[in-house]
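S.K.:
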Amino acid sequence: MIAMRGVHKAFGANRVLQGVDLEVGKGTSMVIIGGSGTGKSVALKCILGLIRPDAGRILVDGKDAGSGDRDAFLARFGMLFQGGALFDSLPVWQNVSFRLLRGSLKRPLEEARAVAVDKLRRVGLKAEVADLFPAELSGGMQKRVGLARAIAAEPEIIFFDEPTSGLDPIMSGVINDLIREIVVEMGATAMTITHDMRSVRAIADNVALLHGGIIKWTGPVAEMDDSGDPYLDQFIHGRADGPIEAVR
Amino acid sequence: MNPLVPLERLGRAVLLALAAIGRITRFALGAASHILRPPFYPREFGHALMNVGWLSLPVVGLTAIFTGGALALQIYAGGARFNAEAVVPQIVAIGMVRELGPVLVGLMIAARVTSSIAAEIATMKVTEQIDALVTLSTHPMKYLVAPRVFAALIVVPLLVGIGDIIGIAGGYGVGVQNLGFNAAAYLKNTVDFLEPLDVISSLVKGAVFGVIAALMGCYYGMNSGRGAQGVGRATKGSVEAAAVMILAANFVLTGVFFSV
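Chains P and C supply the protein sequences, listed in that same order.
For the record, in the first sequence the residue sitting at position 21 is 10 according to the working numbering, with numbers rising by one throughout.
For the record, in the second sequence the residue sitting at position 64 is 100 according to the working numbering, with numbers rising by one throughout.
1. With a threshold of 8 Å, are at least 3 pairs of Cβ atoms found where one atom belongs to the stretch 189 to 203 of chain C and the other to the stretch 102 to 122 of chain C?
2. Going by CA-CA distance only, name the one from C:I166, C:A243, C:L40 and C:E135 that's closest to C:G291.
3. Using beta-carbon positions only, say whether C:A260 and C:V162 come within less than 8 Å of one another.
4. Taking 8 Å as the CB-CB cut-off, is P:G92 touching chain C?
5. Counting only Cβ pairs nearer than 7 Å, list the residues of chain C close to P:D60.
6. Along the alpha helix (DSSP H) that carries C:F102, what are the first and last residues, could you check?
7. Hey, quick one: how far does the beta strand (DSSP E) through P:H(-3) stretch, first residue to last?
8. Name the residue from C:A277, C:I145 and C:G253 whose alpha carbon lies nearest to the alpha carbon of C:W90.
9. List the residues of chain P that C:V185 touches, going by C-beta distances under 7 Å, in chain order.
10. Assign C:R30 to buried or exposed, taking buried as 16 or more other Cβ atoms, counted over all protein chains shown, within 10 Å of its Cβ.
11. From the DSSP output, which residues share a beta bridge with P:W206?
12. Does at least one heavy atom of the ligand MN sit under 7 Å from the Cβ of P:I36?
13. Please confirm whether P:G72 and C:E80 have their CB atoms less than 8 Å apart.
14. With a cut-off of 8 Å, do at least 3 Cβ pairs link the stretch 12 to 32 of chain P to the stretch 170 to 183 of chain P?
15. Label C:M86 either buried or exposed according to how many other C-beta atoms from any shown protein chain fall within 10 Å of its C-beta, with 16 as the threshold for buried.
16. Using the DSSP secondary-structure output, state which residues sit across from P:R4 in a beta bridge.
17. Going straight from the alpha carbon of C:F76 to that of C:G82, what length do you get?
18. Tell me, to the nearest whole angstrom, how far the beta carbon of P:V9 is from that of P:I(-9); I am working on the premise that it is less than 8 Å.
19. My output table needs one value for P:I48: the three-state DSSP class, helix, strand or coil.
20. Assuming C:A249 contacts C:A278 under a Cβ cut-off of 8 Å, what Cβ separation, rounded to an integer in Å, is found between them?
21. CA-CA distance, P:L199 and P:D215?
22. Roughly how many angstroms lie between the CA atoms of P:F148 and C:G137, to the nearest whole one?
23. So, does the CB of C:P75 fall closer than 8 Å to a CB anywhere in chain P?
24. Taking the beta carbon of P:A124 as the centre, do at least 16 other beta carbons fall within 10 Å, making it buried, or is it exposed?
25. Taking the beta strand (DSSP E) that P:D150 belongs to, which residues open and close that run?
26. Would you kindly check if the distance between the Cβ of C:R184 and the Cβ of C:A270 is under 8 Å?
27. Counting only the same chain and skipping the five closest in sequence on each side, list residues whose C-beta sits under 7 Å from that of P:K29.
28. Would you kindly work out how many angstroms separate the C-alpha atoms of C:F293 and C:L65, rounded to a whole number?
29. Would you grab the beta carbon distance between C:T103 and C:L140 for me? Rounded to a whole angstrom, and I think it's under 8 Å.
30. Helix, strand or coil: how does DSSP classify C:T290 here?
31. Step through the CB atoms of chain C and report whether any lies within less than 8 Å of the CB of P:R88.
32. In whole angstroms, give me the CA-to-CA distance for C:R48 and C:T150.
33. Roughly how many angstroms separate the alpha carbons of P:K132 and C:T159, rounded to a whole number?
34. Say whether chain P places a C-beta atom closer than 8 Å to the C-beta of C:V170.
35. Find the residues of chain C that neighbour P:M68, judging by a C-beta separation of less than 9 Å, and give them in chain order.
36. Quick one: measure Cβ to Cβ for P:S127 and P:S161, integer angstroms, because I've assumed they're closer than 8 Å.
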């Protein structure tokens, strides 16, 4: 469903992506792992068109991601950002229903609010949270609201950028379980980027290791521990020694 | 030292300046096109009107009243050197309406509104809120920039008009209370001396300065660097650019309206 073919992206002299090839099947959950600064977020942003790749092709359902109706293209996606990226000036329910309050998916105010409250409930938040502002929420609650916003318009494809960063282990577990449940329940295609190996095991059907600007290894999560790939082994066991240079 | 080095430096500086002018012009044209084309965001526009207009009234009013009062004192003291104290009402009126009103309101808007727009948008950029807008099928230029620039275009001339009146009132207060002018004569001299072109130039300057102030806030916010330092630089740069551009635009507009 999503295919990246030879995608390159450089920022000045820093060549972040150097020919990324990756396929994500419809209805599957792909988790991209890799060290900090290896271009995981850049890869996701290239698919969404937030960053324009220097070379290569990105196909969604066989069609070039950069062509066609942009609004219709983006309407298929939901995204949970690393820091939540909630709009400070809007109450929680308007954050969740943002897409339903304007544009092609616009619905009446009451209906949009009802959807927001329903999605908040789906991610384990009470209806009272709807009228709070993002600054009044804890980090975990902000992640949940971000998750509710990502699923509010029932997207076919959901991206999760570091969904558990900054959360305690218990809250991380809760978010991982929520993501897994929601993705399965909605039948959505999911792409997640994370360093958190607990998240990988909880969320992934397939895993891809991004290192040195290319996908070093990709395969089912069940094969990850016996891959025999030295890069993947080093990463999943968190070893300082190995082919991945650790800066000390 | 190679004699061409200074020339090379000069050339590089000119090229950088031209590139910056090009980027800002492109940004301004983009903002104008988004103001004219739907979808429109009336709620955002309403918020911008409140922020740029209503909430700026206190600072504009205080700036104008003190400036008008000080101007009256200066003109009286200066005029006394050649027995021209009587021109206080006329010079206060013309000084406030043609120059000080629009320029001071413009600079106050640059200080208050440009900085707040730049800091807000830059923070949104740093915290990925602008990326989030895009993924939610909302164009940031349309949602963030167009309402603010349009609101400034409409409301800053009003602020300038109010500033002009309050400034003249400041001069009137000082003239009547401290300098012994007759109240009715002061008002008559003020009204008789002002011409429609004075008021039109004041309002046009207000519109231009408002657009500059909002555009610079948006431009620097949208192009901010990362982290707190990026937000700080964007805020500082936006106010500097807006203030300099307002003063330069004032010079040009004064030439356009009043060159002999």
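We put the beta carbon where it would ideally sit given N, CA and C, even for glycine.
M.R.: Here's the rundown:
1. yes
2. C:E135
3. According to the sequence shown, residue 260 of chain C is Ser rather than Ala. Result yes, Cβ atoms of C:S260 and C:V162 sit closer than 8 Å.
4. yes
5. S173
6. L93 to G115
7. I(-9) to F0
8. C:I145
9. None at all; the shortest Cβ gap to chain P is about 18 Å.
10. Any answer about residue 30 of chain C is impossible in this case: the structure gives chain C only from 37 up to 296.
11. P:L198
12. The model on display carries no ligand, and the ligand MN is accordingly not part of it.
13. no
14. yes
15. exposed
16. P:A(-1)
17. 11 Å
18. Not a contact, Cβ separation roughly 12 Å.
19. As written in the sequence, residue 48 of chain P is Leu, which differs from the Ile given in the question. Of the three classes helix, strand and coil, the one that applies to P:L48 here is strand, per DSSP.
20. 5 Å
21. 18 Å
22. 52 Å
23. yes
24. exposed
25. I146 to D150
26. no
27. I21, G23, I182 and L199
28. 25 Å
29. 6 Å
30. helix
31. yes
32. 29 Å
33. 19 Å
34. yes
35. D167, A168, T171 and L172
36. Not confirmed; about 14 Å, so no contact.
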